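Numbering (my numbering), first residue to last: 3 to 304.
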Amino acid sequence: MFNALKELKLIELKAFVTTYESGSFAVVAQQYGKHATTYSRRVGNLEIDLGVTLFERNGGHLVPTEDATSLYHPAKSVLSEVEHFRRRVQLCFEESESYLKVAIDSSLSAFAPELTIAEISKEFPATEIEVLTGNTEQVIEMVLSKQADMGLALSNFYCHPEITTRKLFDFRFIRVMSPDYAKSFGLNLTHPLEPSLIRTMKQIVLAPINRLGVEAQNYGNHLLHVDSFQMAKSLAINGAGWTNLPLVDCLDALDSGDLVQFEGNYDYELEWSVNETWLIETNRGPVARRLVQLFRGYAVKS
């Protein structure tokens with residue numbers, strides 16, 4: 003038997019698995035455009051090689067034996083690994099990435115990066131994908147240190163000479179606070195607030211952006227530093243201060259009344275953007291390019 007396993011034919015193993023699943027040589031033959039005798043012969047040869055009976059033949063009806071039931075899942079696993087190997091070989095010819103490490107800014111959760119990763123893993127099943135998360139500053143460091151092949155992060159105007167940065171899309175953000183925080187200042191938010199008044203309140207800001215030298219987000223000097231929009235949103239809801247948030251990320255809180263929007267006099271349309279980053283020396287392959295395309299598409303829909 004062990005000698006037979008050394009020369010095990012995959013075509014016979016596949017015939018066994020497909021016949022086991024369909025329960026009929028005729029059904030399998032119809033699926034693959036072959037004659038039923040072809041699959042009957044292949045399964046019969048496998049039975050001879052293994053020295054076991056896999057099916058009890060009762061006319062056109064097949065009944066799997068205990069041995070067949072015992073061998074079905076291992077056989078299917080072998081075929082699955084062979085298919086994975088075939089796809090990996092195909093990557094070599096296509097020059098696609100066999101392994102891709104992606105660093106994603108935790109502040110981008112509003113743009114559903116998990117949908118992108120799920121879709122890309124389906125489109126490129128042979129590519130192993132590793133997802134790393136961190137704040138904006140950490141994503142850039144991951145790319146610089148080659149922990150990640152590419153990064154998706156908030157735009158920060160930080161141009162490291164070793165990194166290529168490309169803007170993917172803009173998004174609107176708004177100023178929000180909790181109703182209780184507004185009440186504590188006796189504010190009427192139906193009218194724009196004076197800048198001098200806004201500066202007396204505590205603002206929740208993204209510390210990683212400030213550490214990268216970008217302080218344009220800071221409206222005043224009373225600051226509470228956090229590392230993501232998610233923490234900023236939670237603190238704002240709990241009355242710790244006001245903050246800037248992506249509009250798409252706070253629609254539910256606005257609808258429920260947990261947050262209220264306000265504007266300042268002389269305010270302009272508030273926008274931020276998202277960047278893709280990678281090392282200049284790195285050539286982005288088709289998987290990375292498709293990942294960016296999908297991420298931009300899902301973000302626009304949101």
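Yeah, the Cβ is synthetic: ideal placement off N, Cα and C, and Gly gets one too.
All figures in this text were calculated on a predicted structure; none of them were measured in a lab.
Spatial neighbours of residue i within its chain, please: CB distance less than 6 Å, with the 5 preceding and 5 following residues excluded, ordered by chain position.
i    : result
T245 : I206, A234 and A238
A218 : none
P307 : Missing from the structure shown is residue 307; the chain here goes from 3 to 304 and no further.
P181 : V262
P210 : N137, T138, E139 and D229
Which same chain residues, not among the five before or five after residue i, have their C-beta less than 7 Å away from its C-beta?
i    : result
F18  : V45, L48, L56 and A77
V305 : Given that the chain is displayed from residue 3 to residue 304, the structure contains no residue 305 and the question cannot be resolved.
E164 : L146, L281 and I282
S123 : I131
F187 : M203
M3   : Note on M3: pLDDT 49, under 50, position unreliable in the model; no value is reported.
P127 : R89
M144 : A105, L134, G136, A150 and G153
S157 : K169, W274, S275, V276 and N277
V178 : A238, W244, T245, L247, C252, L261, V262 and Q263
Measure the beta-carbon distance from residue i to residue j and round it to whole angstroms, keeping in mind my assumption that it falls under 8 Å.
i    : j    : result
V276 : L170 : 5 Å
K204 : H227 : Wrong, their Cβ atoms sit about 11 Å apart, outside the cutoff.
L12  : V91  : Their Cβ separation, rounded to whole angstroms, is 15 Å, which puts L12 and V91 out of contact at 8 Å.
R292 : E125 : 7 Å
E99  : V289 : 5 Å
Excluding the 5 residues preceding and the 5 following residue i in the sequence, name in chain order all residues of the same chain whose CB lies nearer than 8 Å to its CB.
i    : result
R213 : E139
Q33  : T20 and S24
E271 : R174
Can you name the residues that DSSP bridges to residue i?
i    : result
F264 : R177
M152 : V104
E278 : L154 and R168
E132 : K103
Any chance you could list the beta strand (DSSP E) runs of at least 3 consecutive residues sitting entirely within the segment 34–81, in chain order? 57–60 and 63–66
State whether the segment 184–199 contacts the segment 262–269, with contact taken as three or more CB pairs (one from each stretch) at a distance under 8 Å. yes
Any chance you could list the alpha helix (DSSP H) runs of at least 4 consecutive residues sitting entirely within the segment 233–259, in chain order? 253–258
At what residue ranges does the segment 180–242 contain a whole run of the alpha helix (DSSP H), taking only runs of 4 or more? Those alpha helix (DSSP H) runs which fall completely within the segment 180–242 and span 4+ residues are 181–186, 197–200, 209–213 and 231–239.
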